[in-house]
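What follows is a set of notes on a single structure, which appears directly below.
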Amino acid sequence: MIRILIAEDHKIVRDGLRRIVAAAPDMEVTAEAADGDSTLAQVKAGDFDVVMLDMSMPGLAGMDLIKRLKIEKPALRILVLSMHGEHQYAARALKAGASGYLNKDSAAEALIGAIRKVAGGGVHISEAAAASLLGGGKAPHEALSDREFEVLRLLVEGLGPTDIGDKLHLSVKTVSTHKARILDKLGLGSTAELVRYALDHKLV
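129 is the number that this note's numbering gives to position 116 of the sequence shown; each next residue is one higher, with no gaps.
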């Protein structure tokens with residue numbers, strides 16, 4: 014039996030995921046978490062085969078959360094569920110320690126298949142994401158650090174430096190420094206240009 018922890022901050026989504034898993038005879042949801050900190054606490058205290066992980070939860074989240082979970086339980090398999098652009102986020106998630114990446118628009122059958130694949134030791138990403146991972150030329154945003162990429166994502170979502178600092182537990186000065194580095198690395202001059210870049214490269 015595949016033991017699953019659902020880490021997702023929206024209860025209606027958790028309920029839907031639980032119902033999908035309940036229909037599979039070889040897996041069960043043994044715990045749930047609604048934010049990054051409780052996800053980490055559950056993993057420390059429990060024994061799971063797979064964590065179905067939302068990338069954008071309150072508190073500890075994203076690549077930082079994936080890395081922390083793998084430090085606690087190196088053998089844990091992590092399947093990332095996200096609405097973000099897969100061709101870029103999948104590569105970063107796998108590098109951080111995830112075993113798979115699935116877009117939330119996917120069908121229930123795809124989710125069950127992905128859980129079985131990562132639980133069995135495989136890696137699950139879409140063919141499009143695999144092609145981009147194997148592709149040649151790198152886009153400028155691929156040179157960003159994971160932290161810079163998180164700041165970029167939040168800037169594009171419309172958050173200001175104070176809100177980003179609160180979410181990522183950083184000072185406003187540090188956020189501003191990251192923003193300046195992002196704009197410099199991408200050769201951009203403003204947040205508006207950053208939003209346009211993100212849209213053009215399907216990062217949102």
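Every residue, glycine too, gets a C-beta built ideally from N, C-alpha and C.
Identify the residues that DSSP records as bridge partners of residue i: which are they?
i    : result
A44  : L18
H137 : G113
Do you know whose CA, among the options, lies nearest residue i's CA?
i    : options                   : result
L73  : I195, A47, V188 and K108  : A47
I15  : V26, T43 and D22          : T43
M76  : R160, K117, I128 and S95  : R160
L94  : A127, P87, I84 and L196   : A127
L157 : K117, H191 and A58        : H191
A152 : A104, H97, K117 and A111  : A104
S119 : S139, P174, K108 and I19  : S139
V56  : A37, M70 and L18          : L18
V64  : A132, H214, A211 and L207 : A132
A58  : E41, R166 and K86         : K86
V185 : H154, L165 and P174       : P174
A36  : K198, L212, E122 and D62  : E122
H154 : G135, R194, L181 and H182 : R194
L212 : R90, E170 and S189        : E170
A106 : L124, S69 and I125        : S69
D22  : G135, L66 and R209        : L66
Excluding the five sequence neighbours on either side, which residues of its own chain have a C-beta within less than 8 Å of the C-beta of residue i, listed in chain order?
i    : result
T187 : G178
D39  : M14, I15 and R129
G202 : L196
Among residues of its own chain, excluding the 5 on either side of residue i, which ones have a beta-carbon nearer than 6 Å to its beta-carbon?
i    : result
E163 : G75
K117 : L94 and M96
H137 : G113, A127, K130 and V131
E45  : I19 and R27
Leaving aside the five residues before and after residue i along the sequence, list all residues of the same chain whose C-beta is less than 7 Å from its C-beta, in chain order.
i    : result
L167 : I177 and K180
L124 : I33 and L115
So, do the stretch 76-89 and the stretch 26-34 have three or more beta carbon pairs nearer to each other than 8 Å?
No, the stretch 76-89 is not in contact with the stretch 26-34.
Jot down the residue ranges of each uninterrupted alpha helix (DSSP H) in the stretch 31-94, minimum 4 residues, whole runs only, in chain order.
For secondary structure counted as the alpha helix (DSSP H) over 4 or more consecutive residues, the stretch 31-94 holds these complete runs in sequence order: 49-58 and 75-85.
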